[in-house]
Amino acid sequence: MTTQLTTFTQFFRDFTPRNKLITIAVTSVFLCIPVLRITVEDYRGYIALGPGGPPHNVIGWIAQILLKPSKKEPFHTSCYDEKSFQKAGPNGNVAFLKEEDVPVREAPRPTVGSWTAPSRQLTDMASKDIIDRYQSFLSSLASESPSKLKIATSVVERHGQALFVASENPNHHIAKSMSEEELEIVKRITRAAAKFMVGQES
């Protein structure tokens, strides 16, 4: 191996400066082709997710790459540790459902995209009917309490409808933390519940 490397080095030294530049350029192109291909495929996959979260362009794609070190493990179980129970209050470690009430979902899990944001599953997508029912449910919540809730464009995803606190000066401390706070937790719970009921998410 050492002999072959020495022979190649000597062969390269015998090149004229012009031939050396050509060789380096050609080698660089061959090395860059697979990297460029992976980059293009990753960008196309990001765009295929649709708008939401970061800008739906190359700037948003680069931004989510830079945020990858802060990406959380989607299957962690830290929400079940003792500290989390204490933070949840007196009912933090109380089970409200029996094991038989929640049937085990058969494998496999839906495939989740590798991008930091938006974080979306790529398989087992909800049907249009389920999405329409979900939106109708949110609208019904707002129509039943128009003085407290309203429907508006999602602040988090920047498209699509979401449930908001209607008051400009809400009493709840969570809603006060951001003026006109989006009820993201309600949105996530109802979305997860809708998918769970049709067996699309564990």
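Each residue of the sequence shown is one higher than the one before, starting from 2 at the first, in my numbering. Positions of the beta carbon are idealized from the N, C-alpha and C atoms, including for glycine.
Euclidean distance between Cα positions of Glu-202 and Ile-60: In this predicted model, Glu-202 has a pLDDT of only 47, less than 50, meaning its place in the structure is not dependable enough to derive any value.
Opening and closing residue of the beta strand (DSSP E) in which Thr-154 lies: 150-154
Beta carbon of Pro-52 nearer than 8 Å to that of Arg-159: yes
Mark Tyr-47 as exposed unless 16 or more other C-beta atoms lie within 10 angstroms of its C-beta, in which case mark it buried. buried
Would the stretch 61-71 and the stretch 114-131 be scored as touching if the rule is three or more Cβ pairs under 8 Å? yes
Return the chain-ordered ranges of every beta strand (DSSP E) run that is complete within the stretch 65-153 and spans a minimum of 3 residues. none
Buried or exposed, going by whether 16 or more other CB atoms sit within 10 Å of the CB of Leu-1? This structure leaves residue 1 out entirely; the chain is present only between 2 and 203.
Can you tell me whether Val-41 is helix, strand or coil according to DSSP? helix
Leaving out the 5 sequence neighbours to the left and right, which residues in its chain are closer than 6 Å to Ala-64 when beta-carbon positions are compared? Pro-55
Tell me, which residues are paired with Ala-163 by DSSP? Ala-153
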